[in-house]
Amino acid sequence: MSQKTVNKAVIPAAGFGTRMYPATKALKKELLPIIDRDGRAKPIILAIIEEAVSAGIQEIGIVVQQSDRDLFHDLFKSPPKAELRQKLSTENLEYTEYLQDLGDRITILTQTEQEGFGHAVFCTKDWVDNDPFLLLLGDHIYTSQTNISCAKQIVEIYQQVNTSVIGITVMNGNIIHKAGCVSGTWQTNNSILEISQIYEKPTLEYAREHLAVPGMKQDEFLGIFGMYLLESEIFDLLEDEINHNERHKGAG
Numbered sequence: 001m002s003q004k005t006v007n008k009a010v011i012p013a014a015g016f017g018t019r020m021y022p023a024t025k026a027l028k029k030e031l032l033p034i035i036d037r038d039g040r041a042k043p044i045i046l047a048i049i050e051e052a053v054s055a056g057i058q059e060i061g062i063v064v065q066q067s068d069r070d071l072f073h074d075l076f077k078s079p080p081k082a083e084l085r086q087k088l089s090t091e092n093l094e095y096t097e098y099l100q101d102l103g104d105r106i107t108i109l110t111q112t113e114q115e116g117f118g119h120a121v122f123c124t125k126d127w128v129d130n131d132p133f134l135l136l137l138g139d140h141i142y143t144s145q146t147n148i149s150c151a152k153q154i155v156e157i158y159q160q161v162n163t164s165v166i167g168i169t170v171m172n173g174n175i176i177h178k179a180g181c182v183s184g185t186w187q188t189n190n191s192i193l194e195i196s197q198i199y200e201k202p203t204l205e206y207a208r209e210h211l212a213v214p215g216m217k218q219d220e221f222l223g224i225f226g227m228y229l230l231e232s233e234i235f236d237l238l239e240d241e242i243n244h245n246e247r248h249k250g251a252g
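Right, dumping it as structure tokens:
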């Protein structure tokens, strides 16, 4: 079986950020500033894009609300105004050129109606075409415990197994109701799990009964990490759910 190259990443950024209100009344959650590991202040979404690029991704599609297109376009496609540019240090001028080059890889996609996460992903169908793609969340900051980025680990596993991959992490039972959870059977070296069930935001009681994985500690489960590498067939499944108006606890 030939190995597929992963060149595209999708980042949904079309939500309202209600859980971070009132900060998101002033600023989109994807644009909230962080101090990244390189010591530079940057909007969250820039750190996420750099995470994707670390895995060899060449094209990034950002899904936004129609009213936010100009905001994201200005960030990634427009150079600083002359007055600001004159005040930038040499280092920041070099970083500006880097941002412009990064912007050449970015396509701004629109979700015309805010119908949930799955619908936002579906809006990228034509842009993704038939390619496998990396899916990252627009409000997650990813940190690896190794010198290999989380995104690169996901890509490498995909190239090993040649099927869709979901990043997972160990999660305590007292917060499992906040995340998607999976169960299944461990494969090689307990590093790859063949998934048998995915359940969105389970109660602890449900997780104990249905989602326990052999070898895990009591009340420890495998939560979804918020990073996926998906085959294009996912769009057929999303289209079917959209046509039947199905939602999974708001995750449709």
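Under UniProt numbering, the letters of the sequence shown match residues 1 to 252, in that order.
Even for Gly, the Cβ is constructed at its ideal location relative to N, Cα and C.
- Task: Output the boundary residues of the beta strand (DSSP E) element that contains residue 138.
- Result: Residue 138 -> no beta strand (DSSP E), and no H or E assigned at all.
- Message: Quick check for students: name the residue ranges of the beta strand (DSSP E) that lie wholly in the stretch 59-118, counting only runs of 3 or more.
- Response: Entirely contained in the stretch 59-118, the beta strand (DSSP E) runs reaching 3 residues are, in chain order, 59-65, 106-111.
- Out of 227, 137, 87, 32, point me to the one whose CA is closest to residue 20's CA. Ranking the options by Cα distance to residue 20, first place goes to 32.
- Query: Does the distance from the C-beta atom of residue 51 to that of residue 139 stay below 8 Å?
  - Reply: No. Outside cutoff.
- Query: Considering only residues of the same chain and omitting the five flanking positions on each side of residue 163, which have a CB-CB separation below 8 Å?
  - Reply: When the five nearest sequence neighbours on each side are left out, the beta carbons in the same chain lying within less than 8 Å of the beta carbon of residue 163 are those of 231, in order along the chain.
- Message: My output table needs one value for residue 250: the three-state DSSP class, helix, strand or coil.
- Response: Bear in mind that a pLDDT of 41 at residue 250, under 50, signals an unreliable position, so the number given afterwards is only what the model happens to contain. In the structure shown, residue 250 sits in coil (DSSP, three-state: anything other than H, G, I, E or B).
- Query: Any idea if residue 191 is buried or exposed, counting beta-carbon neighbours within 10 angstroms, 16 or more meaning buried?
  - Reply: Around the beta carbon of residue 191, a 10 Å sphere encloses fewer than 16 other beta carbons of the protein chains shown; the residue is thus reported as exposed.
- Message: I'd like the list of long-range same chain contacts for residue 68, defined as Cβ closer than 8 Å, with 5 residues on each side in sequence excluded.
- Response: Excluding positions up to five away in sequence, the list reads 13, 14, 28.
- Contiguous alpha helix (DSSP H) assignments of at least 4 residues, all confined to the stretch 142-176: Whole alpha helix (DSSP H) segments, 4+ residues: 150-161.
- Task: Count the other CB atoms, across all protein chains shown, that sit within 10 Å of the CB of residue 251; report buried if there are 16 or more and exposed otherwise.
- Result: Note that residue 251 has pLDDT 41, beneath the 50 cutoff, so the model's placement of it is unreliable and the number below is only indicative. Taking a 10 Å sphere around the C-beta of residue 251, we find fewer than 16 other C-beta atoms and assign the residue as exposed.
- What do you reckon, are the CB atoms on residue 80 and residue 90 nearer than 8 Å? Cβ distance not < 8 Å, so residue 80 and residue 90 don't count as in contact.
- Message: In the DSSP assignment, the alpha helix (DSSP H) including residue 206 goes from what residue to what residue?
- Response: Looking at the DSSP string, the run of the alpha helix (DSSP H) that includes residue 206 is 204-210.
- Query: For residue 182, which three-state DSSP category applies?
  - Reply: Three-state DSSP puts residue 182 in a strand.
- Could you tell me which residues DSSP pairs with residue 278 in its beta bridges? Only positions 1 to 252 of the chain appear in the structure, and residue 278 is not among them; the question remains open.
- Residue range of the alpha helix (DSSP H) that includes residue 25: In the DSSP annotation of this structure, the continuous segment of the alpha helix (DSSP H) that includes residue 25 starts and ends at 23-26.
- Buried/exposed call for residue 98, threshold 16 Cβ in 10 Å: Burial call: exposed.
- Delimiting residues of the alpha helix (DSSP H) encompassing residue 51: For residue 51, the enclosing alpha helix (DSSP H) covers residues 44-53.
- Flag this pair as yes or no: are the beta carbons of residue 9 and residue 44 separated by less than 8 Å? Taking 8 Å as the Cβ cut-off, residue 9 and residue 44 do not qualify as a contacting pair.
- Message: In the DSSP output, which residue or residues are listed as bridge partners for residue 227?
- Response: According to DSSP, residue 227 shares a beta bridge with 136.
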